[in-house]
Structure formats: C-alpha cells, structure tokens
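Visitor: Quick one: this structure, given as structure tokens, is what I'll be asking you about.
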Ligand SMILES: Nc1ncnc2c1ncn2[C@@H]1O[C@H](COP(=O)(O)OP(=O)(O)OP(=O)(O)O)[C@@H](O)[C@H]1O
Ligand SMILES: [Mg+2]
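In this note's numbering, the protein residues as written are 88 to 225.
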C-alpha cells in the first residue's frame, strides 16, 4: 500500500502564523523523502492561501484550518476560513503593467496559486471559503 501522511492544523489569526504551516509541510516532505525543490511551489501556494484566508476572511474568521495529505507522488492542500466568502469569477485579473506602475499592485495570490497547481478548486459562500489544491510531486 502507498504510504500516506496527513496533518491538520488550526491557525489563529496572529502575525506570521503561516510559518507554522510551512514548517509542518517541510517536516512531512522530509519524512517522505521529497526534495526541497519539489515542495518549493507548494510552499508558495500554502502561504498565499493562508494569508488570503486570514486577510480577506473578515473579522468573523478568527482562524484558518489547514490540512495536508501527502504521498510520494502527490500533495493535497486544503485551506478553510470562516469569513464572508467571495465570488471568484468577479475577481479582476491582475495586470503586470500596473504592478510596475503607480496603480494597483495586488491581486496576484490567486493567479500564483492557480498557475502552480495541478488542480485548483474554490468553494466559497457567506460561511467562508475552502480551497483545495493538488500538487504532483513526482
Ligand atoms: N479567502 C478569501 N475570502 C474572501 N475573499 C477572498 C479570499 N481569497 C481571495 N479573496 C478575494 O479575491 C481577491 C484576490 O485575491 P488575491 O490573493 O489574488 O489578491 P490579494 O490578496 O488582493 O493580493 P495579493 O495576494 O497579491 O497580496 C482579494 O482581494 C479578495 O477580494
Ligand atoms: Mg492574496
């Protein structure tokens, strides 16, 4: 049978708390013999997803739940907040020209997560947002 490790953490909204999830991810990877190079993009995805949950979740999301499921071949990242939710189809696509100009410089998190994921799902409603991401590791 294929070896699987899972980890669930509940992160409170305090500064730099996403680092705790990254530390957990690193430990799982080492345990599974997965190189740092292969989890590099996964670390970025996890960071963006957690920060979005804590930042845009609103005052009603005092925490974010994070779950990792890892085999040697694949990592599933699940991030859930308890905020007000949003409608992903209405989010404006970021513009690289604006980023280097004087205008709006943000709005890259979702783009980065999508482009680096092998499967990316958002399920959001007024009770919060769940993001499920698959990342192939082999
Ligand atoms: N978990 C969430 N809950 C509510 N709204 C969200 C959530 N995640 C994203 N959004 C909405 O989608 C927008 C785009 O998110 P994205 O991460 O791409 O950009 P950003 O967080 O605004 O800026 P950046 O990630 O570049 O610092 C956000 O501004 C917010 O309105
Ligand atoms: Mg963001």
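Note that CB positions come from ideal geometry on N, CA and C, so glycine has one too.
Residue 138 to residue 88, Cα distance in whole Å?
Guide: For the purposes of this step, residue 138 is taken as residue 51 along the chain shown, with counting starting at 1. For the purposes of this step, residue 88 is taken as residue 1 along the chain shown, with counting starting at 1. Distance between the alpha carbons of residue 138 and residue 88 is about 35 Å.
Visitor: Do you know whose CA, among 222, 224 and 216, lies nearest residue 145's CA?
Guide: Along the chain shown, read from residue 1 onward, the residue named residue 145 stands at position 58. Selected option, being the one with the closest Cα: 216.
Visitor: Report yes or no: do the region 218-225 and the region 153-170 share at least 3 C-beta pairs separated by less than 8 Å?
Guide: The region 218-225 is in contact with the region 153-170.
Visitor: Identify every residue that forms a DSSP beta bridge with residue 155.
Guide: Numbered from its first residue, the chain shown carries residue 155 at position 68. 94 and 164.
Visitor: Leaving out five residues on either side along the sequence, give the residues of the same chain with a beta carbon under 8 Å from the beta carbon of residue 128.
Guide: Your numbering for residue 128 matches position 41 in the chain shown. Answer for residue 128: 203 and 222, listed in chain order.
Visitor: Starting from residue 113 and walking both ways along the alpha helix (DSSP H), at which residues does that stretch end?
Guide: As a working note, residue 113 is residue 26 in the chain shown. Counting along the chain, the alpha helix (DSSP H) containing residue 113 begins and ends at 105-119.
Visitor: Whose CA, out of 130, 207, 176 and 149, lies closest to the CA of residue 102?
Guide: Position 15 of the chain shown holds residue 102. The shortest Cα separation from residue 102 among 130, 207, 176 and 149 belongs to 149.
Visitor: In the DSSP assignment, find the unbroken beta strand (DSSP E) run with residue 134 in it and report its ends.
Guide: Position 47 of the chain shown, counted from the start, is the residue given in the question as residue 134. Going by DSSP, residue 134 is part of no beta strand (DSSP E) but of the alpha helix (DSSP H) stretching over 123-143.
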